[in-house]
Structure formats: structure tokens, C-alpha cells
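*Asks:*
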Amino acid sequence: MTDSKYFTTTKKGEIFELKAELNSDKKEKKKEAVKKVIASMTVGKDVSTGMALFPDVVNCMQTDNLELKKLVYLYLMNYAKSQPDMAIMAVNTFVKDCEDPNPLIRALAVRTMGCIRVDKITEYLCEPLRKCLKDEDPYVRKTAAVCVAKLHDINAQLVEDQGFLDTLKDLISDSNPMVVANAVAALSEIAESHPSSNLLDLNPQSINKLLTALNECTEWGQIFILDCLANYMPKDDREAQSICERVTPRLSHANSAVVLSAVKVLMKFMEMLSKDLDYYGTLLKKLAPPLVTLLSAEPELQYVALRNINLIVQKRPEILKHEMKVFFVKYNDPIYVKLEKLDIMIRLASQANIAQVLAELKEYATEVDVDFVRKAVRAIGRCAIKVEEAVERVVERERSLGASCRELLQKSGPSGLVAGRGAHGAPLGTQSPAGRLCPSCVRRDQPQARAAMIWIVGEYAERIDNADELLESFLEGFHDESTQVQLQLLTAIVKLFLKKPTETQELVQQVLSLATQRSGPVPLGAASGLYSWLLRSLPGLFAQEPVTSAFPNISEETDLIEPTLLDELICYIGTLASVYHKPPTAFVEGSRGIVHKSLPPRTGSSESAESPDAAPSGPPPSEPPAVIPTQGDLLGDLLNLDLGPPAEGLDSLALPAPSLALDWALTAQRVAWAREGLDSLVGPGGAGLAWSVLSPGSPCPEPGSGLGAHSSAGGVGSGRLGQPAVAPRTVWLPAMKAKGLEISGTFSRQVGTISMDLLLTNKALQVMSDFAIQFNRNSFGLAPAAPLQIHAPLAPNQTVEISLPLNTVGSVMKMEPLNNLQVAVKNNIDVFYFSTLYPLHILFVEDGKMERQMFLATWKDIPNENEAQFQIKECPLSADAVSSKLQGSNIFTVAKRNVEGQDMLYQSLKLTNGIWVLAELRIQPGSPGLMLSVKCRAPEVSPYVYQAYETIVKN
Amino acid sequence: MIHSLFLINCSGEMFLECDYFFEAQEKATDVENVPPVISTPHHYLISIYRDKIFFVSVIQTEVPPLFVIEFLHRVADTFQDYFGECSETAIKDNVVIVYELLEEMLDNGFPLATESNILKELIKPPTILRSVVNSITGSSNMGETLPTGQLSNIPWRRAVVKYTNNEAYFDVIEEIDAIIDKSGSTVFAEIQGVNHGKPSCAIGQINNPRLLDDVSFHPCIRFKRWESERVLSFIPPDGNFRLISYRVSSQNLVAIPVYVKHIISFKENSSSGRFDVTIGPKQNMGKTVEGVIVTVHMPKAVLNMNLTSTQGSYTFDPVLKVITWDVGKITPQKLPNLKGTVNLQAGAPKPEENPSLNIQFKIQQLAISGLKVNRLDMYGEKYKPFKGVKYITKAGKFQVRT
């Protein structure tokens with residue numbers, strides 16, 4: 001007979017039966033009955049049965065049969081909360097059991113009591129718990145240690161009042177390693193909810209104890225201890241090294257969590273070691289094998305390991321530079337593992353291994369999974385950009401892929417373009433003839449793939465010997481092609497003509513006549529009309545520029561993690577933060593004031609030990625690869641935005657780099673839009689493609705922000721309380737420059753929502769419609785959170801006021817100046833571009849108030865060279881007035897001091913991307929000016945913070 | 001810490017739930033390729049997939065995900081250990097024991113006792129004999145005393161162990177992970193080795209410690225001695241355990257014992273294709289390659305396959321499009337071959353992907369890395385225990401690309 005019998009539903013009558021059994025004299029019967037009750041509780045299907053029998057089950061508690069006792073305890077943990085009054089009945093037994101001679105029972109009782117979340121019981125728990133914390137048996141002590149954490153969760157005040165925290169701290173010095181480990185675990189858990197409490201105030205002595213316990217406790221205990229060690233800040237490099245030495249053996253542990261926690265400690269303390277040290281090199285060597293070993297574990301472990309390796313590779317690429325092969329993808333890896341491996345392969349790609357990597361990537365291009373293939377092909381492009389010397393090979397690879405290009409493009413559609421784009425992105429040598437592309441390979445694909453192929457041919461026309469043949473072959477079926485392909489073909493042939501004018505004249509004429517004679521798709525007619533006109537009227541130089549204009553240079557890996565964030569994430573190796581590549585503050589529920597962690601500064605051993613603060617420190621000097629791509633010209637970049645209508649299919653790409661930008665195609669398209677607009681003027685039926693999507697590819701708006709913005713949109717003008725500083729609207733786009741459309745606007749932030757308040761005026765004589773807006777990538781990832789809501793067409797001389805909600809989840813690129821925002825606005829007439837500067841304070845978030853102690857520590861921690869001083873002139877306000885004014889814009893006063901008649905305000909603020917800025921504001925009564933000192937880990941924001949201060953204070 | 005644990009079967013049905021404190025939101029996914037870490041508005045779900053069961057744990061605060069995953073695997077291992085299999089039926093049949101086990105393994109989300117010997121002392125595994133005895137005598141299968149190993153510095157060993165026969169067996173199992181490309185050259189290969197052992201106090205000496213540069217040890221191994229003398233000195237745990245696992249990756253040390261010749265092609269514009277696979281031995285150091293099984297995931301468009309094999313039998317699963325060829329032993333004189341035609345769905349385009357071959361094999365009495373246990377000394381025993389070392393080489397993730 002097995003337990004599955006318990007799964008049969010209990011009928012009504014059985015309750016009585018069970019009741020009788022529970023009260024039976026026979027132990028065996030009782031036990032069976034309790035088992036039945038528990039089984040029904042595990043399935044959760046018959047709660048009432050469990051409830052109805054509560055008193056009967058509790059009665060079974062007083063028994064000397066351990067199994068029965070355990071079962072009843074199990075039951076109590078689940079039901080006590082719903083029957084608090086009855087649960088009291090059990091208290092006596094618990095208290096008695098806490099004094100049982102059998103340590104197993106003592107521990108069990110204290111453990112169970114801690115799990116019963118009933119206030120009345122909690123009161124009775126204190127005494128037994130205190131005894132158990134000092135129990136002679138370590139098993140009981142270690143159970144009691146965890147119980148303190150449980151109790152703290154129920155009633156934190158009680159735990160503090162009863163002094164349990166101190167007892168717990170004493171347990172760190174316990175003789176038994178298991179007790180130490182559990183005490184550390186409990187303290188860490190409690191500390192998480194009290195970030196400032198200094199519970200785990202570690203000193204060299206306690207560190208020594210932890211390190212001793214580390215060798216002897218269970219694997220789980222080792223994890224707790226290692227995680228705790230990682231929070232310690234060694235006072236000099238010698239101490240760091242000695243800790244590292246004692247942690248290193250953990251790298252050979254069979255438990256991968258222990259390994260990863262050890263890696264975290266080492267990665268962190270390595271920061272402090274000098275690179276010339278022999279030990280530094282040894283340590284680097286020791287780190288690689290365990291990381292690789294993690295990859296032979298189960299796929300779930302692999303995934304987490306890979307996410308962490310991704311961080312480690314960015315921080316210290318030297319560790320795994322020789323281990324490329326272990327990241328090669330196996331065909332039956334789960335997709336989440338495959339994608340991670342691919343990402344790391346790109347990061348590890350270097351000149352030395354590029355051939356290997358490319359061969360491997362090519363192999364992936366024939367895989368079944370479309371998503372993966374797409375990423376693999378894109379990876380080829382990224383490799384090309386990353387390793388300049390690889391370009392040639394990529395082009396070659398591209399071509400050998402071209403042989404199988406058909407399937408590749410068919411599957412990957414536009415991302416095939418990326419590969420081509422990759423070849424282009426890096427400076428091209430003169431050589432590398434792409435040779436002959438096989439025409440048959442591009443015959444019967446989807447239009448997208450064909451368009452992509454044609455684009456490649458056009459782009460590299462001078463290096464593809466049979467480019468003209470190829471393009472000609474497409475002309476045969478010109479009329480059957482989709483507009484997209486036709487446009488591409490037209491552009492490609494014009495490009496070809498510009499590169500090889502003599503041989504291809506005929507071809508151009510052919511395509512132009514084909515395109516113009518055709519009454520069909522409007523854009524095409526327009527484009528070809530334009531071309532013919534251009535070609536006729538401006539022979540020679542003209543077109544070389546627009547048609548064959550090169551893409552702005554893009555850098556590789558635009559998805560590199562920003563260095564300060566990376567440093568922070570390194571401190572979170574092995575945690576959820578490392579899986580999501582976001583600091584815990586960004587996602588941990590209710591973020592209970594999690595302390596920002598940072599890597600320890602590097603100190604030389606020559607530095608005097610007593611003044612570690614004074615050591616010139618700062619983020620690691622190792623030059624990280626550039627995160628910020630060189631900025632292309634405004635127009636080029638904006639053109640590269642996914643402005644195209646969805647039909648283009650490009651917006652599905654969500655590329656890291658400025659997306660592939662069929663620059664010329666877009667130009668043609670703009671002509672098309674013009675036509676389209678005309679159509680919509682002519683008649684309602686004539687309206688062409690609608691600009692339905694606004695922010696293609698950008699992730700969904702921040703939760704809440706979209707809605708909130710909508711509701712507040714109406715009241716922007718009047719409903720402003722005057723609290724947050726908002727600059728008056730300024731004209732951003734004069735009507736002269738935008739064919740009659742005038743845009744003025746400003747930025748504001750209200751209850752967590754950033755919005756761009758726009759005033760659109762139609763100063764032309766025709767109706768404007770089909771408005772849409774798009775931002776270029778910018779320093780803080782500002783992006784529209786919702787489409788531009790202009791429902792009715794804008795009549796001449798009409799003005800419309802709109803508040804466009806923004807979020808900060810767009811793609812990031814550092815701009816110069818930092819707060820520069822480039823905007824594209826489209827209407828039925830044309831696309832217009834303008835750039836504007838936004839005040840930084842719209843990015844100050846609501847939870848930007850730092851704890852006092854944190855503030856002090858952070859202030860000290862930020863190197864002095866990051867401090868910037870500014871003067872705000874003519875501001876005759878009192879300290880309090882300034883403080884409250886600033887608070888309205890989310891600059892929080894952490895502390896106020898009066899020094900020699902001067903009022904000092906210490907303030908903190910946080911930007912949407914998690915950068916903290918600390919400020920000290922000095923106010924001299926009598927003098928009208930304010931002195932502002934700003935300290936921030938990213939000193940480049942300081943001047944903009946100052947600007948924001950000035951704006952707010954003078955508002 | 002670990003908040004609660006759910007077991008979910010393939011069809012997405014939840015069949016066991018344990019709440020450690022309060023009720024947690026249940027959220028289940030039943031797709032393959034479920035990412036192991038899922039975030040929900042209030043919780044994080046960390047899951048593993050073992051034997052058609054998802055073990056899902058819910059966490060609320062920042063917890064190392066590997067910690068949770070390792071623990072979940074440990075839970076699955078324990079079930080396997082107790083019930084012989086870790087299946088839905090086994091768990092349902094033993095639900096109360098499962099519950100008791102989880103209670104012992106977790107306290108408030110902190111792992112408590114995860115060593116199998118300790119657990120077995122606390123909760124005895126179900127055997128038919130025991131259940132008969134229990135039902136007659138009314139005794140329980142729950143240990144009454146504190147497990148001795150729980151607190152010692154060597155939790156893997158009970159304090160007073162008595163064995164009726166003193167034996168020490170070492171299994172050296174090596175698995176070759178490799179990716180072989182189209183032309184037959186090795187893209188990537190490494191050996192995952194495992195030393196399994198059985199009890200007594202021992203010191204093992206290994207012929208070529210340099211092989212073991214990347215190792216992970218069972219906690220029983222004295223790391224200091226390994227560092228200084230390169231010998232494995234340990235007090236072995238009770239029962240079966242994994243003593244060390246190691247990885248050999250340098251190309252010249254990884255010999256590939258089999259080769260595969262293959263032609264898998266599809267004709268343009270016709271709904272058929274060719275399939276021809278031959279497998280042969282290579283660098284097997286005079287030992288026989290046996291237990292060979294070749295599996296190929298054919299493209300979706302494949303309807304059926306018409307093949308003949310010179311050796312062994314093959315099956316084609318038309319639903320999953322998987323062909324499994326059970327070859328058995330490879331005799332070098334007559335190489336096993338499987339060939340024939342592939343029929344595609346009418347009108348389907350030529351499949352794009354190249355199916356990979358997955359190969360399993362076994363070689364007895366050989367550790368392919370050349371690793372040998374030179375000596376095995378036992379101390380603290382008056383009598384001479386029986387010692388035995390067994391070598392076996394297996395295919396791990398061994399793939400041939402076409």
C-alpha cells in the first residue's frame with residue numbers, strides 16, 4: 001500500500017472517520033490518520049477537512065512517537081495561522097518539548113515554533129528560544145540561530161528588544177562551524193531588511209573565524225560565509241591576498257554555488273591586488289578552470305554560470321581568453337544556453353581566434369531555430385566590427401555563406417543585412433574581392449531576403465564582379481516584385497551605376513523606365529522620378545554622396561555594460577542581479593534600501609595602513625572597451641533609426657548598432673512619404689501606408705508610466721503645482737525649417753513620470769496629419785513611452801498641446817553634450833529633425849534619498865578628483881526654502897549642519913539609470929550666492945546637475 | 001531564502017506543493033526550454049527540469065540562483081536515492097516521506113541536511129520489508145536520535161560505521177564531450193571524468209596528476225595534501241559517492257575513439273533524400289567500442305525513412321522525427337552501416353538544416369585520458385580490505401555535425 005491512497009478525495013463522512021482514528025488509542029491508526037490529513041493538505045484540495053480536524057490533530061502532539069510528532073508539527077505550520085486561538089493549545093507542548101532531553105526534539109520544537117506565524121505564539125517563543133540559543137548541543141544552537149531570522153521576519157522589534165541580535169552575533173564565534181554558518185546566514189537575512197544596521201560588522205578577527213569555519217562547514221554554510229566575506233572590505237592588499245589564498249580551495253568544490261560565491265570573493269578582492277604581483281597572475285590562472293567546469297553541469301546551472309561569465313569576461317577578459325571552445329554550442333543545448341554562449345563568444349573574439357569563431361558561427365547559420373540563426377548571423381557582423389582584421393575573412397565567410405545564402409537569408413531575413421553591414425562597418429581594405437555571387441542563390445526567397453540580398457549587391461557593387469548580371473536577373477521579374485524589392489533594386493542599380501558608370505548605363509535606363517512606366521506603387525514612381533531627374537540634371541559628382549554615403553562608424557558591442565554598473569554587478573556575482581545584469585535596486589521587490597556595493601579600490605602595500613581613505617583610488621584603471629560608439633552625424637544617425645513603416649521589416653531587428661540603415665532607401669522613402677501625403681490630401685481613400693508604430697523595437701513602456709502620463713496629459717498646463725521646476729517652453733523647431741510646422745516644448749517630471757510637453761503649431765496653408773515622433777539614442781535612454789497622440793489633423797494656424805510621456809528604457813548612447821536629445825518628427829509632409837537639451841532634473845527619481853550613513857560612506861568613497869564645485873549666484877533664499885524647493889524636484893536633503901554661520905545642506909539624488917549624485921550646498925546668510933560641491937562616480941554629469949540646481953533654485 | 005517549492009509535471013499540472021511560510025503565488029509553465037530563472041512581479045521562480053518534473057522554487061529576496069538550483073538538484077537526487085526513481089508516480093506514492101524529507105532538508109528556506117547518509121538516519125528509505133515490519137510492530141521509519149554525522153566535521157560519514165565486508169571500489173568513469181565537424185575534424189573535445197568510490201579510509205595515488213588541473217573534489221578530500229603532494233587523501237563517505245570530477249581539455253590528450261562517415265542529403269525539387277552513415281573505431285587502444293547508439297534529429301519535413309542496416313536495428317519516430325540506430329558492438333572487420341532513402345512530405349521545400357548526429361558508446365576497462373589509479377592505501381584498518389578499480393569510458397555530449 002502506498003501513500004497515493006491519500007490522494008483520493010475525502011468525502012464528508014470520512015471526516016468523522018478520521019476524527020475517530022485521530023482519537024484512537026492505537027498509535028498506528030493515529031499516524032495513518034495524520035498522514036491522510038497531511039496528504040490532503042499538500043495537494044491543497046481539501047482544506048476544510050484539515051481545518052475541521054484541527055483540535056484532534058493537535059491532541060496527537062503529546063506523544064513520544066517522533067514520527068507522529070513531526071507530522072503534527074508539519075500540520076501545525078500550515079494551519080496555525082488560520083486557527084490562532086486553537087494554536088495556543090499547542091504552546092505548552094512546544095515549551096515542554098524545548099526542554100526535552102533529546103536534542104532532536106528540542107531543535108524540532110524551536111524550529112516549528114518559529115514557523116508558526118501567530119503573534120500570540122511568538123510571545124511564548126522568546127524564552128525557549130533564548131535557552132536554545134545557548135543550548136549545549138550545537139544542533140539545537142544552529143536551529144535556534146535560523147529561528148531568530150524567522151522571528152525577525154514576524155516581529156523585528158521583538159527580536160531587537162529581546163537582544164537576540166547580540167546573541168546571534170556571539171554565535172559567529174561559536175566553536176561549531178555549522179552554528180557559525182547558520183548565524184551568518186541568519187544575520188545576512190536580517191541585515192537585508194536593515195541595510196544600515198551594521199549587523200555584519202566584520203573585523204579581521206571575525207573574518208578569521210569565518211575563514212576557519214569555511215573549511216569545516218557544509219556546502220550551504222560555505223555559501224553563506226562566502227557571500228558574507230564578499231561584503232568585507234579588507235584594509236590593505238596584504239589582507240586581501242591572505243583572504244584570497246584561503247578562499248581559493250573552494251574553487252574546487254563540487255557544489256557550483258560554492259564555486260561561484262568563491263569566484264565573487266576573488267573577483268572582488270583581486271581589485272586590491274597589484275597587477276605586478278605574482279599572486280595576481282596565479283589567481284587569474286586559477287579562476288578559469290572552475291568557471292569552465294560549471295559549463296559541464298546541468299543546463300540550468302550552465303545558464304546562471306554563463307550569465308555570470310558574461311560579466312566576468314567583460315571585467316577581466318584575460319581569464320577566459322583561451323577557453324573559447326567551451327562556449328561552442330551543442331545542437332541540443334536549450335535555447336537559453338545557446339544564446340548566452342553566442343554572446344560570450346563574441347565578447348571573447350579576438351584576432352587570435354577569429355578564424356575559429358567565424359567557422360563556428362557559420363556552422364550555426366544552418367541551425368533549425370530561426371531566432372538563434374538570426375543571432376548567429378548578426379554575431380558574424382559583430383565580430384567583423386570588433387576585430388578589424390577579420391573584415392576580409394568575414395566578407396569571405398559571407399560569400400561562402402552566400403553559397404548557402406539562400407537558406408540563410410530565407411531564415412534570417414533582414415539580419416542577413418547585418419552581416420553585410422558588418423563587413424561595411426569596419427574600415428574596408430582595398431582588397432577582399434567578394435567575387436562572384438551566385439545568382440541562383442537569391443532567386444526564390446521571401447521579398448525581405450531578396451531585398452536584403454539586393455542591398456548587399458548594391459552596396460558592394462565594386463567588389464562583386466557579376467553585380468550587373470545579378471541585378472539584371474532581378475529585373476526580369478521586376479513587376480512581380482513587391483514594392484520593397486523594387487525600391488531596393490532601383491537603389492542598388494543606381495548605386496552600381498555610380499560605381500561603374502560605363503558598363504551599366506543601359507541597366508539604369510532599363511530600371512528607370514520600368515519603374516516609371518508602371519502606374520503601381522506610389523513610392524516607387526516617386527523615387528524613380530527623382531532619380532531620373534537627378535541623373536539627368538546633375539551628372540557627375542552629385543549622387544556619389546547621397547547614394548553611396550558610408551554609414552557612420554559604429555562600434556562593436558553596444559550592449560557592453562557601463563563600467564560603473566559592471567563593477568557593481570561584479571559584487572553581485574552569483575546573485576539574481578548577475579542573472580539579470582541589473583543592480584538589485586532595479587528589481588528587488590520593495591527594494592528595502594539595498595546598499596550599493598562597489599569594488600574595493602586598489603591600494604598599494606606602500607600606502608600607510610591607517611589611511612586607506614587617502615589612497616588615490618577609483619574605479620579599476622584597466623581601460624574597458626569603449627561603450628560609446630563614435631557619434632555619427634545627426635542626420636546619418638537619425639536616418640538609421642527604424643523610421644520605416646513596419647512593412648520594411650527592419651524594425652523587427654532591434655539591432656544593437658544603429659540599425660542597418662538603408663540610408664538611401666530611406667531617402668527614397670521620404671520622397672514616397674511626400675507622395676503619400678499628397679494622396680491623403682487628394683482623397684481619403686488615397687492614404688497610403690500608415691505610420692502606425694511609433695517606437696518600433698523599443699521595449700514596452702515602463703509599467704504605470706504610460707497610463708499615468710495619459711491621465712496627467714490633460715492637465716499639464718494648469719494642473720502643475722509649481723513644485724517641480726519646469727522651464728517655460730522654448731521653440732525647438734521653427735516653422736521656417738520645417739515647412740510650416742512649429743514645435744516648441746519643455747520637459748517636466750511629475751510623480752515619477754517624465755513627459756515632454758509639446759506645442760505644435762501649423763503655420764502652413766495645408767492641413768497636417770499623421771504625426772509621429774522618434775528619438776535618437778541618447779545618454780539616458782529617453783524614449784517615448786506612448787505614440788504621439790494627435791488624433792485630428794492639424795488645420796492651418798491651429799495649435800495643439802500634447803504631453804508625450806517618456807520612459808528611460810530606450811537604447812543608450814553617450815551624447816555631447818550629455819543632455820542632448822535628437823528628435824525626429826514626421827508628418828504627412830516630411831520628416832524633420834531637431835535637437836534639444838533637456839534639463840537633467842527630469843531624470844531625478846523619487847527614491848533618491850540616501851541614508852545618512854550611506855551618504856557619509858559614499859562621500860568618502862568617491863575619490864576627490866570626482867568632486868566639482870560650482871557657484872549659484874544671486875539666490876537670496878534661506879536654507880530651508882532651498883531645501884524644500886529642491887525636494888520638489890527630487891533632490892533630497894540628507895542632513896543639515898551649521899558651520900561657522902554657514903548653513904550646509906547635504907543632499908543626494910539618483911538618476912534614472914541608477915547613478916547617485918551627492919551634493920553639498922553651502923549657504924552663507926547675507927551673501928546671495930550658494931556654493932555647490934557635487935560628487936559623483938560619473939563626474940561627467942556634475943555640470944548638468946549644477947545646471948539643474950540653478951534652474952530649480954531660480955524657478 | 002527559498003520561499004516555497006512546487007513540483008510540476010510536464011502537462012503543467014501541479015501535484016505537490018510545499019509552503020515554507022506563507023502562500024506563494026503559483027505560476028507554472030509547461031514548455032520545454034523554460035528559462036531557469038523567471039521573474040514575476042513579486043517573486044522570482046527558479047526551476048529545474050528533471051525526469052519530466054519541474055522543480056520550481058519561489059524566492060522573494062535576493063538569493064544566489066545557483067544555490068537554489070543546486071539545492072533543487074539535490075532534492076531530486078534524494079528522491080532518486082530514496083525511491084529508485086524520481087518520477088511523478090514515485091513521489092505520489094511516497095508523498096508523506098517526500099514531505100518529511102523536505103522538512104529535514106529545508107528550514108525556513110535554509111538547507112538543513114542534504115547528505116544522504118544523514119537523511120537516511122533520520123528517515124529510513126521505504127523498502128517492502130520495512131513497511132511489512134512497520135505495519136506489524138507499529139514502529140516508525142523515522143530515526144529517534146540525532147544523526148551523528150549532522151554536526152561532526154565530516155558530515156558525510158557516520159561516527160561508528162560497521163561494514164560486513166570491507167571493500168573499496170573505485171570507478172573511473174570518463175565521458176568524452178566532443179563536437180566533430182563535417183569533415184571529421186574535432187572542433188572541440190574534452191573529457192569529463194568522475195571517480196566514484198566506496199568506503200574506508202584511504203589514500204589514492206594517481207599516475208599523472210598533471211591531468212587533473214581542473215578538478216572539483218568531494219569535501220572529504222584533504223585539499224592541503226592534494227596541493228602539496230598530489231595525492232588524494234580522504235575519509236570516505238558512507239555508500240556511493242563522487243570522489244572527484246575532473247576535466248581534461250587539451251586537444252592532444254583527448255582521443256576520439258570512433259569516427260563517422262555520413263551522407264545525409266536531400267534532392268532539389270524532389271521529395272526524397274539520401275541517408276548513409278557508417279561508424280568505425282579509431283584510437284580505441286585495443287578495446288572494443290560497445291553500446292553504440294546513433295540518434296539523429298531529422299528535419300521536420302521528413303515523412304519516413306527507408307533504411308537497411310548491416311548491423312543492429314533502427315527505429316524512426318515519425319512524430320519527433322528522430323531516428324535511433326542501436327548498433328551495439330563495433331567490429332573493425334565489418335563496419336556497421338545504415339543507409340537508404342528519406343522520404344519528404346510532398347511539396348515541402350528542401351530542408352535547410354543539417355541534422356547533427358548524436359553518438360553514444362562505451363568502452364570498458366579504459367580511461368581514455370590515460371588516467372590510472374596507481375595505488376590505493378588504506379590506513380587505520382587491521383585487516384586487508386578488498387580493493388578494486390574499474391575504468392570505463394563513455395560518450396558524453398558527443399556530436400557529429402553534417
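In the order they appear, the protein sequences are chains E and Z. Here the first sequence stands for residues 1 to 955, numbered as in the UniProt record's numbering. Here the second sequence stands for residues 1 to 402, numbered as in the UniProt record's numbering. Cβ coordinates follow ideal geometry from the N, Cα and C atoms, glycine included. Bear in mind the structure is a predicted one, so any value in this text is a computation, not a measurement.
1. Take D276 of chain Z and list the residues in its own chain whose beta-carbon comes closer than 6 Å to its own, dropping the five residues that flank it on each side.
2. On the DSSP bridge list, what partners appear for P796 of chain E?
3. Between the Cα of P784 of chain E and the Cα atoms of E:L806, E:A33, E:V767, which residue gives the shortest distance?
4. When the cut-off is 7 Å and only beta carbons count, does V945 of chain E lie next to chain Z?
5. Would you report the Cα separation of K30 of chain E and L101 of chain Z, rounded to the nearest angstrom?
6. Can you find a CB in chain Z that lies within less than 7 Å of the CB of F328 of chain E?
7. By the three-class DSSP mapping on this structure, what secondary structure does D663 of chain E have?
8. Going by C-alpha to C-alpha distance, which of E:L932, E:Q241, E:A254 sits closest to I223 of chain E?
9. Between the segment 250-270 of chain Z and chain E, which residues of the former have a C-beta closer than 8 Å to a C-beta of the latter?
10. Helix, strand or coil: which one does DSSP assign to E801 of chain E?
11. Does the pairing of the segment 265-276 of chain E with the segment 291-300 of chain E give three or more beta-carbon distances under 8 Å?
12. When we look at the beta-carbon of P414 of chain E and count the other beta-carbons within 10 Å, is it buried (16 or more) or exposed?
13. Does the segment 78-94 of chain E touch the segment 116-135 of chain E, meaning 3 or more C-beta pairs lie closer than 8 Å?
14. Figure out for me which residue from Z:T288, Z:E290, Z:I323, Z:Q311 has the closest Cα to the Cα of N304 of chain Z.
15. Can you tell which of E:G745, E:A919, E:G848 has the C-alpha that lies nearest to the C-alpha of P839 of chain E?
16. If we cut at 7 Å on Cβ distances, does A254 of chain E have a partner in chain Z?
17. Consult DSSP for S313 of chain Z and reduce its assignment to one of helix, strand or coil.
18. Only counting the same chain, and skipping five residues up and downstream in sequence, which positions put a Cβ closer than 8 Å to that of V289 of chain Z?
19. Could you work out which residues of chain Z lie near D227 of chain E, taking near to mean beta carbons separated by less than 8 Å?
20. Quickly, what does DSSP pair F870 of chain E with across the bridge? List them, please.
21. For G618 of chain E, which residues of its own chain have a beta-carbon under 6 Å away from its beta-carbon, when the five flanking residues on both sides are left out?
22. Let me know if A262 of chain E comes out buried or exposed under the rule of 16 or more other beta-carbons within 10 Å of its beta-carbon.
23. Between the Cα of D170 of chain E and those of E:L158, E:D153, E:H152, E:L202, spot the shortest distance and give me the residue it belongs to.
24. Helix, strand or coil for residue 964 of chain E? Go by DSSP, reduced to three states.
25. Between which residues of its own chain and R347 of chain E is the CB-CB distance below 8 Å, once the five residues before and five after are set aside?
26. Per DSSP, what are the beta-bridge partners of T393 of chain Z in this structure?
27. For the alpha helix (DSSP H) holding K120 of chain Z, just list the boundary residues, first then last.
28. Compare the C-beta of V37 of chain Z with all C-beta atoms of chain E and state if any pair is closer than 7 Å.
29. Give me the Cβ distance between R106 of chain E and C132 of chain E, rounded to the nearest whole Å; I'm assuming they're in contact under 8 Å.
30. For I222 of chain Z, which residues from the same chain have a beta carbon less than 6 Å from its beta carbon, with the 5 sequence-adjacent residues on both sides left out?
31. Is there a Cβ of chain B sitting closer than 7 Å to that of Y331 of chain E, yes or no?
32. What does the Cβ neighbour count give for A795 of chain E, buried or exposed, with the cut at 16 atoms within 10 Å?
33. For the pair the segment 54-73 of chain Z and the segment 564-579 of chain E, tell me if three or more CB-CB distances fall below 8 Å.
34. Answer with yes or no whether the minimum CB distance from D171 of chain Z to chain E is below 7 Å.
35. Sorry if obvious, but does the Cβ on L22 of chain E come closer than 6 Å to a heavy atom of the ligand ATP?
36. Quick check on DSSP: helix, strand or coil for L877 of chain E?
*Replies:* Quick answer:
1. I263, K339
2. None; P796 of chain E has no bridge partner.
3. E:L806
4. no
5. 20 Å
6. yes
7. Because D663 of chain E sits at a pLDDT of 35, beneath the cut-off of 50, its placement in the model cannot be relied upon, and the following sentence gives the value as read from the coordinates. If DSSP states are grouped into helix, strand and coil, D663 of chain E belongs with the helices.
8. E:A254
9. none
10. strand
11. no
12. Bear in mind that a pLDDT of 40 at P414 of chain E, under 50, signals an unreliable position, so the number given afterwards is only what the model happens to contain. Answer is buried; the Cβ neighbour count reaches 16.
13. yes
14. Z:I323
15. E:G745
16. yes
17. strand
18. P257, V258, P281, K329, I330, F361, K362, I363
19. P64
20. E:L932
21. The predicted model places G618 of chain E with a pLDDT of 38, which falls under 50 and marks its position as unreliable, so this point remains unresolved.
22. buried
23. E:L202
24. Given a span of 1 to 955 for chain E in the structure shown, any question on residue 964 of chain E remains unanswerable.
25. N310, V313, Q314, P317, E557
26. Z:E174, Z:I363
27. 116-122
28. yes
29. 6 Å
30. Checking the sequence shown, residue 222 of chain Z turns out to be Arg, not Ile. The residues are S233.
31. Given the protein chain composition of this structure (E and Z), no chain B is represented.
32. exposed
33. yes
34. no
35. Looking for the ligand ATP in the displayed structure turns up nothing, as the structure carries no ligands at all.
36. coil
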